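> Got a structure for you, written out below as C-alpha cells; questions coming shortly.
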Amino acid sequence: MSERAYNPQEIEPRWQKRWEDEHAFKVEPAPGIKKYYLLEMLPYPSGRIHMGHVRNYTIGDVAARYKMMNGFKVLHPMGWDAFGMPAENAAIKHKLHPAKWTYDNIAYMRGQLKRLGCSYDWEREFATCDQTYYKWEQLIFTKMFERGWAYKKTSTVNWCPSCNTVLANEQAEGGVCWRCDSAVELRSMSQWYLRITDYAEELLRDVDEKLTGWPDRVRIMQREWIGKSSGAFVDFEIEGRADKIRIFTTRPDTLFGATFMSLAWEHPLVEELSRSHGRENELKELVARASRIDHQSRLAGTYEKEGAFTGAHCINPVTGWRMPIYAANFVVMDYGTGAVMAVPAHDQRDFEFAKKYGLELKVVIEPDGERLDPSTMTAAWEGPGTLAESGQFTGMRSDAAMKAIADYLKDKGLGGPTVTYRLKDWCISRQRYWGAPIPIIYCDSCGPVAVPENDLPVILPHDVEFTGEGASPLAKVSSFVNAPCPKCGGKGQRETDTMDTFIESSWYMFRYSSPKYDKGPVDKSSVSYWLPVDQYIGGIEHAVGHLIYCRYFTKVMRDLGLIDLDEPVANLMTQGMVYKDGAKMSKSKGNVVDPDDMIAKYGADAIRVFILFASPPEKDLEWSDQGLEGASRFVWRLWRLIDSWCEDHGGGVASDEIARWKHRTIKRVTEDVERYHFNTAIAGIMEYVNFLQGLDLKSVPADAIETLILLISPFTPHLAEELWRRAGRKQSVLSESWPVYDEGKIASSMQTIVIQVGGKLRDKIEVPTGMSDEEVKAKALASSKVAAAMAGKAARKVIVVSGKLVNIVV
RNA sequence: GCGAGGAUGGCGGAAUUGGCAGACGCGCCAGACUUAGGAUCUGGUGGGGAAACCCAUGGGGGUUCAAAUCCCCCUCCUCGCACCA
20 MSERAYNPQE
30 IEPRWQKRWE
40 DEHAFKVEPA
50 PGIKKYYLLE
60 MLPYPSGRIH
70 MGHVRNYTIG
80 DVAARYKMMN
90 GFKVLHPMGW
100 DAFGMPAENA
110 AIKHKLHPAK
120 WTYDNIAYMR
130 GQLKRLGCSY
140 DWEREFATCD
150 QTYYKWEQLI
160 FTKMFERGWA
170 YKKTSTVNWC
180 PSCNTVLANE
190 QAEGGVCWRC
200 DSAVELRSMS
210 QWYLRITDYA
220 EELLRDVDEK
230 LTGWPDRVRI
240 MQREWIGKSS
250 GAFVDFEIEG
260 RADKIRIFTT
270 RPDTLFGATF
280 MSLAWEHPLV
290 EELSRSHGRE
300 NELKELVARA
310 SRIDHQSRLA
320 GTYEKEGAFT
330 GAHCINPVTG
340 WRMPIYAANF
350 VVMDYGTGAV
360 MAVPAHDQRD
370 FEFAKKYGLE
380 LKVVIEPDGE
390 RLDPSTMTAA
400 WEGPGTLAES
410 GQFTGMRSDA
420 AMKAIADYLK
430 DKGLGGPTVT
440 YRLKDWCISR
450 QRYWGAPIPI
460 IYCDSCGPVA
470 VPENDLPVIL
480 PHDVEFTGEG
490 ASPLAKVSSF
500 VNAPCPKCGG
510 KGQRETDTMD
520 TFIESSWYMF
530 RYSSPKYDKG
540 PVDKSSVSYW
550 LPVDQYIGGI
560 EHAVGHLIYC
570 RYFTKVMRDL
580 GLIDLDEPVA
590 NLMTQGMVYK
600 DGAKMSKSKG
610 NVVDPDDMIA
620 KYGADAIRVF
630 ILFASPPEKD
640 LEWSDQGLEG
650 ASRFVWRLWR
660 LIDSWCEDHG
670 GGVASDEIAR
680 WKHRTIKRVT
690 EDVERYHFNT
700 AIAGIMEYVN
710 FLQGLDLKSV
720 PADAIETLIL
730 LISPFTPHLA
740 EELWRRAGRK
750 QSVLSESWPV
760 YDEGKIASSM
770 QTIVIQVGGK
780 LRDKIEVPTG
790 MSDEEVKAKA
800 LASSKVAAAM
810 AGKAARKVIV
820 VSGKLVNIVV
C-alpha cells in the first residue's frame with residue numbers, strides 16, 4: 020500500500036491560509052437568497068481560549084458549514100467582549116496598560132481560533148473597547164437619558180476600607196474583600212440606572228409568545244427572574260404623623276387579619292420612628308446582627324427571625340386596629356415596598372414572629388370543615404377558605420375576596436390592585452477605568468447634561484494611574500474631568516464612572532450586521548436582512564443576565580427607531596460544560612487541557628471530532644485523553660481509506676449494497692446534523708467507513724467516496740478539503756452542495772423480521788420486503804424455534820408489526 | 001421548601017412514534033504482521049450458565065401482546081430560585 024502519511028500540522032495551516040486568502044467566509048446580503056445568522060457568544064479576551072470555547076465554536080462551526088453547503092448565506096462573525104475588570108487587574112499587578120493587555124490577548128486568541136479552522140467572516144470582527152463601537156453605545160445611552168429611560172438614583176455599593184475601593188459583588192463574596200480579606204462595608208452612592216422594569220411586562224409576555232425556539236429551562240429561568248406577582252398595595256396611616264406606610268400584598272383577602280407591621284431594617288422610616296420613640300438602641304442591635312447575615316445563611320434560612328419594636332403604631336385602614344410597627348430581619352428592602360402587613364394567623368413567617376414577640380393573632384380565613392382557634396394554633400393557615408370577621412366581606416370565599424377587597428381599597432383611596440416584579444432597574448455605573456465612559460457632563464447650573472452626538476465618542480483617556488485604590492480612576496484625570504457644559508458653556512465635570520460591560524454584549528449582534536457603519540449604531544437595512552440570529556450558542560450561565568439584557572436592548576433600540584425587531588434571537592442552544600476528572604477545568608485545580616497543545620499534537624480536525632463525538636452538545640462533556648486518541652485514530656483511518664482509494668481505484672460500478680449504505684448514511688447524518696446530534700452523526704459516518712474498509716477498494720465507485728468526503732467536511736474541514744483535491748476535484752467542498760439521499764435506494768429487497776413468543780425474542784427470519792402480514796405470520800408460525808418456545812400451546816393472538824416484528828401470545 | 005433535568009455495560013454514550021436494549025467509540029481480551037509495539041489489521045467483549053436458556057436500563061408497583069420509553073410511589077445526583085410578603 021503506497022500511502023502518504025496524514026500530516027495535520029502541514030495540511031491545516033495551509034488550508035486556513037487559503038480560506039483567508041480567498042475570503043472564503045466573507046458574506047454580504049443577497050436579497051432573495053435565504054440567510055442564516057449563526058452566532059456564538061462573544062468571548063472575553065482573557066489571554067487564551069479554553070476547551071469550553073473550543074466546544075462552543077466547534078458546535079457553531081459544524082452548523083455554519085452545514086448551512087453553507089445547503090445554499091444559505093451564512094453570517095458567522097466573531098469579536099471580543101473587551102472591556103472589564105481583569106484588564107484593570109493586570110494593569111495593577113503587572114503594570115501593563117489595560118488596552119495593551121487586551122489587544123495583545125485578542126491578537127493571540129484570534130490566532131488560536133484560526134488554528135481551529137472556524138469559518139468566521141473576520142472582516143466583521145471588532146472589539147467592544149474600540150472607539151468606533153462604544154461611540155454608538157454612548158449615543159444609545161444619551162438617547163435613553165433624554166427620554167428618561169436612564170436616570171440617577173442613590174444606592175449602596177460594596178466598599179473595601181483597606182483597599183479604599185469599590186468592589187463588584189463577585190469580589191465581595193462572603194462579605195470579605197477578594198484581595199485583602201477585610202470586611203466589606205456598604206456605601207451609598209449616586210449611580211446610573213436603566214429602566215428595564217418598564218419593559219418587564221413585554222419581556223415576560225414574549226418569553227411565552229416569541230421565544231419558542233429557546234430551551235424551556237431558560238424560559239423558566241427568565242420568567243422567574245422577572246418574577247411577576249399580582250396583588251394589592253395598601254397605605255397605612257402612622258399614628259401622630261402625616262406620612263403613610265405603603266405595603267404590597269398578594270393576599271388582600273387577609274387584610275382584616277393584619278395585626279402588626281414589619282419593615283425592612285433599611286426602610287427609610289425605621290430609624291426616624293425608633294428615634295422619635297427613644298428606641299434607637301434596640302434598633303441598632305438588630306441592624307448590627309441583621310446586616311451581618313451573610314448570603315449563605317440567608318439562602319439556607321438558618322438564622323432566626325427577629326425584630327425590634329420601633330415604638331410607633333400604624334392603623335389598619337379597614338379595622339382601625341392599632342398595629343405596632345417592627346423592624347424585622349426577614350423583610351427585604353428591595354422587593355415590593357420593603358414593608359409587609361403582618362397577618363400572623365395566615366402567614367407562617369408572621370406567625371413565628373408573633374409567637375416570639377407575643378403579638379396577637381386574628382383569624383379571618385376559616386378553612387372548610389375546621390375552626391381555627393388563635394390560642395391553640397401551631398401553624399398559620401395559608402390555604403383558601405371563607406372570610407370571617409371581615410366586615411362586609413365576611414362569608415365570602417377567599418379567592419373572590421382578593422379582588423373584592425382590592426377594588427374596595429381603590430374606591431376608598433386606600434390602595435388598590437397592583438403588580439410587582441422581582442426584576443429591578445439595571446444599575447450600570449461602575450467605578451472602574453476599563454469601560455465605556457458614561458457620556459454625561461455635570462453642570463453647576465444645568466445639572467447632568469448628555470454629551471451631544473457630534474462630541475461622541477467620549478474617549479477613554481489613555482494615561483491613567485492604576486493603583487487599585489480610590490473610587491473611579493478617571494476622577495483623578497483632570498484633563499478628562501473638566502469639560503464645558505454642552506448646554507450653557509459653563510464649567511462642568513464629566514461623569515467618571517464607566518458602563519457595565521453587559522451593555523456592550525447587549526447589542527453586538529446587531530453591530531455585526533454592519534460593523535463599519537458610521538452614520539449610527541447600525542444600518543437598519545442590514546439588520547433587517549440578517550437579524551434575528553437564527554441560532555445562538557453559548558453557556559447556560561448567561562440564561563438570565565446577558566440573555567435578558569440583550570432582549571431588553573432590542574426593545575429599546577426598536578423604540579428608539581434604530582431597528583424593527585422585537586426579539587434578537589430566534590433559536591438558542593446552551594451547550595454543556597467541559598470537565599476533567601469530574602471537575603470544571605481551572606488553573607487552581609490544575610486540570611486544564613490547553614487547546615494549543617492538543618492542536619500541535621493531534622491537529623484541529625481530531626480535536627473537533629473528539630469534542631463532538633464524546634457527548635451531545637447540551638450535555639456536559641468529560642475530557643478524555645484516550646477519547647481524543649480514538650478520535651485521532653478515526654481521522655487517520657479516514658485519511659488512509661480515501662488516500663488508498665485515490666491511489667488505486669478501478670472505476671467500480673455501484674453495487675446495490677454500496678448504494679444502500681451511501682444513501683442510508685446521507686439520510687442518517689443529515690437528520691442528525693439537523694437536530695444537532697453530532698455524536699450520532701459521526702457514529703453514522705464511522706459505520707460507513709467500517710463498511711467501506713471491508714470492501715476491495717477497486718470495486719468502490721467515486722460517488723461513494725466523494726459522498727464520504729462531503730459528509731465529513733463540516734466536522735473535519737481541513738481533511739475534507741485536502742482529500743477532495745486528492746480525489747481530483749478543483750473547487751472547495753464549501754462550494755459543493757450537501758449530498759441528497761434517495762429513499763428508494765435505501766430499501767433492501769429482503770428484511771429481517773423479529774419473532775417473539777410472549778414478548779420474548781425467539782427467532783429472526785429473512786423475508787422479501789413488502790411481504791404481506793398474513794404471509795409473514797404464517798412463516799413465523801412455521802419456525803421450529805417458535806414451535807419449541809410455544810411448547811405445544813395454541814397461539815391465542817398474533818400481533819404483526821409490518822416489516823418489523825411478529826409477537827405470538829400463548 | 002419550590003421548579004427543571006437526570007440515573008442505561010468497566011467508561012463516554014445510542015435506541016426520532018411503546019416494537020431486537022447496549023449502535024458508535026474508549027478500555028479490556030485473543031490473534032495476525034513485526035527485531036519491537038503504546039503503530040496497524042482481524043475477531044471477541046452486559047451478568048449468570050457446559051448448554052438450552054435465565055437475568056438485566058437507580059428501587060418498588062401498574063398499564064400493555066410488547067416498557068429504557070407511558071402512569072403511581074420511593075431513593076440518589078445535577079442545575080435554577082428562595083423569608084419575594
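Quick note: the first sequence uses this note's numbering, first residue 20, plus one each step. Ideal placement from N, C-alpha and C gives every residue a C-beta, glycine not left out. Quick caveat, the model's predicted, so the values are computed rather than measured.
Does DSSP put F102 in a helix, in a strand, or in coil?
Translated into the one-based positions of the first sequence, residue 102 becomes position 83. The answer is coil: DSSP assigns F102 none of H, G, I, E or B.
> Go to N826, then tell me how far its beta strand (DSSP E) extends in each direction, as first and last residue.
Walking along the first sequence from the start, residue 826 turns up at place 807. Looking at the DSSP string, the run of the beta strand (DSSP E) that includes N826 is 824-828.
> Per DSSP, what kind of secondary structure is T216 in: helix, strand or coil?
For the purposes of this step, residue 216 is taken as the residue at position 197 of the first sequence. Of the three classes helix, strand and coil, the one that applies to T216 here is helix, per DSSP.
> In the DSSP assignment, what are the bridge partners of F267?
As a first step, residue 267 is located in the first sequence; it is residue number 248 there, counting from the start. Its beta-bridge partners are F252.
> Between which two residues does the alpha helix (DSSP H) containing V237 stretch?
Along the first sequence, one-based indexing puts residue 237 at 218. Run containing V237: 235-245, per the alpha helix (DSSP H) assignment.
> Measure the beta-carbon distance from T517 to R627 and round it to whole angstroms, keeping in mind my assumption that it falls under 8 Å.
For the purposes of this step, residue 517 is identified with residue 498 of the first sequence, where counting begins at 1. For the purposes of this step, residue 627 is identified with residue 608 of the first sequence, where counting begins at 1. Between R627 and T517 the Cβ distance is about 38 Å, and since that is not below 8 Å, they are no contact.
> Per DSSP, which residues does Q775 bridge with? Please list them.
Indexing the first sequence from 1 puts residue 775 at position 756. Looking at the DSSP assignment, Q775 forms a beta bridge with L780, N826.
> Please classify Q554: does DSSP put it in a helix, a strand, or coil?
Reading the first sequence from its first residue, position 535 is the one you call residue 554. Strand at Q554.
> For the structure I just gave you, are there three or more beta carbon pairs, one from the region 95-114 and one from the region 129-144, closer than 8 Å?
yes
> So which of N335, R260, V383 has the shortest CA-CA distance to L288?
Counting from 1 along the first sequence, the entry for residue 288 is found at position 269. Nearest of N335, R260, V383 to L288, Cα basis: R260.
> Looking only at DSSP bridge pairs, what is L332 linked to?
Along the first sequence, one-based indexing puts residue 332 at 313. A small fix is needed here, since residue 332 is His in this sequence, not Leu. For H332, which the question treats as bridged, DSSP gives the partners P343.
> The beta strand (DSSP E) with T175 in it runs from where to where?
The residue labelled residue 175 in the question sits at position 156 within the first sequence. Element bounds for T175: 169-179.
> Could you check where the beta strand (DSSP E) with C462 kicks off and where it finishes?
Within the first sequence, residue 462 is the residue found at index 443, counting from 1. Taken as a continuous stretch (DSSP letters only), the beta strand (DSSP E) holding C462 covers 459-462.
> Quick check on the burial criterion: 16 or more other C-beta atoms within 10 angstroms. Buried or exposed for R687?
Along the first sequence, one-based indexing puts residue 687 at 668. With 16 or more other Cβ atoms within 10 Å, it is buried.
> Roughly how far, in whole angstroms, is the beta-carbon of D444 from the beta-carbon of L657, given that I think they are within contact range, below 8 Å?
Numbered from 1 along the first sequence, position 425 holds the residue referred to as residue 444. Numbered from 1 along the first sequence, position 638 holds the residue referred to as residue 657. Not confirmed; about 55 Å, so no contact.
> What would DSSP say about K912, mapped onto helix, strand or coil?
Limits of the chain in this structure are 20 at one end and 829 at the other, which puts residue 912 out of reach.
> Mind checking which residues open and close the beta strand (DSSP E) that includes F279?
In the first sequence, the residue the question calls residue 279 occupies position 260. Element bounds for F279: 279-283.
> Under a Cβ-count criterion, where at least 16 other Cβ atoms within 10 Å of its own Cβ denotes burial, should I818 be classed as buried or exposed?
Position 799 of the first sequence, counting from 1, holds the residue named residue 818. By the neighbour-count rule (16 or more Cβ atoms within 10 Å), I818 is not buried but exposed.
> Spatial neighbours of K324 within its chain, please: C-beta separation below 6 Å, excluding the five flanking residues on both sides.
The residue given as residue 324 occupies position 305 in the first sequence. Closer than 6 Å at Cβ, skipping near neighbours: F349, E371, F372.
> Report the start-end ranges of each beta strand (DSSP E) in the region 20-83 that is 3 residues or longer and not cut off at the edges.
Counting only runs of 3 or more, we get 54-59.
> Is Q770 helix, strand or coil when you go by DSSP?
Taking the first residue of the first sequence as 1, we reach residue 770 at position 751. Three-state result, Q770: strand.
> Taking its Cβ as the centre, do 16 or more other Cβ atoms sit within 10 Å of N75, making it buried, or is it exposed?
For this step, residue 75 is matched to residue 56 along the first sequence. It counts as buried.
> Per DSSP, what are the beta-bridge partners of S207 in this structure?
For the purposes of this step, residue 207 is taken as the residue at position 188 of the first sequence. Answer is T175, bridged to S207.
> What three-state label does DSSP hand E794 in the structure shown?
Translated into the one-based positions of the first sequence, residue 794 becomes position 775. If DSSP states are grouped into helix, strand and coil, E794 belongs with the helices.
> At what residue ranges does the region 728-762 contain a whole run of the alpha helix (DSSP H), taking only runs of 4 or more?
The qualifying runs are 736-745.
> Among the candidates S643, A625, I618, whose CA atom is the shortest distance from the CA of N610?
The residue you call residue 610 lines up with position 591 of the first sequence. Nearest C-alpha to N610: S643.
> Here's a check: name, in chain order, each residue in its chain whose Cβ is nearer than 6 Å to the Cβ of M396, leaving out the five neighbours to either side.
By 1-based counting over the first sequence, the position of residue 396 is 377. For M396, there are no CB contacts under 6 Å within the same chain when 5 residues up- and downstream are skipped.
> Note the first and the last residue of the continuous alpha helix (DSSP H) segment covering R513.
Start at 1 with the first residue of the first sequence, and residue 513 comes out as number 494. Segment 511-513 is the beta strand (DSSP E) holding R513; no alpha helix (DSSP H) there.
> State the DSSP-derived secondary structure class of I818, mapped to helix, strand or coil.
Taking the first sequence and counting its residues from 1, one reaches residue 818 at position 799. Three-state DSSP puts I818 in a strand.
> Are three or more beta carbon pairs between the region 675-693 and the region 59-70 nearer than 8 Å?
no
> Starting from the N-terminal side, write out each stretch of the beta strand (DSSP E) that is 3 residues or longer and does not extend beyond the region 481-512.
none
> What residue from G822, A806, K823 has the CA that sits closest to V829's CA?
Position 810 of the first sequence, counted from the start, is the residue given in the question as residue 829. Closest by alpha carbon: A806.
> What residues in its chain sit with their C-beta under 6 Å from that of Q131, if we drop five residues either side in the sequence?
Position 112 of the first sequence, counted from the start, is the residue given in the question as residue 131. I68, listed in sequence order.
> Tell me, to the nearest whole angstrom, how far the beta carbon of A101 is from that of T121; I am working on the premise that it is less than 8 Å.
What you label residue 101 is simply residue 82 of the first sequence in a count that begins at 1. What you label residue 121 is simply residue 102 of the first sequence in a count that begins at 1. A101 to T121, Cβ: 5 Å. Contact.
> Rounding to the nearest angstrom, what Cα-Cα distance links Q770 and D782 in this structure?
Here residue 770 refers to the residue found at position 751 when the first sequence is read from its first residue. Here residue 782 refers to the residue found at position 763 when the first sequence is read from its first residue. In a straight line, the C-alpha of Q770 is about 14 Å away from that of D782.
> Closest to T184 by C-alpha separation, out of R166, N108, A589, A169, would be which residue?
Residue 184 sits at position 165 when you count from the first residue of the first sequence. Ranking R166, N108, A589, A169 by Cα distance to T184 puts N108 first.
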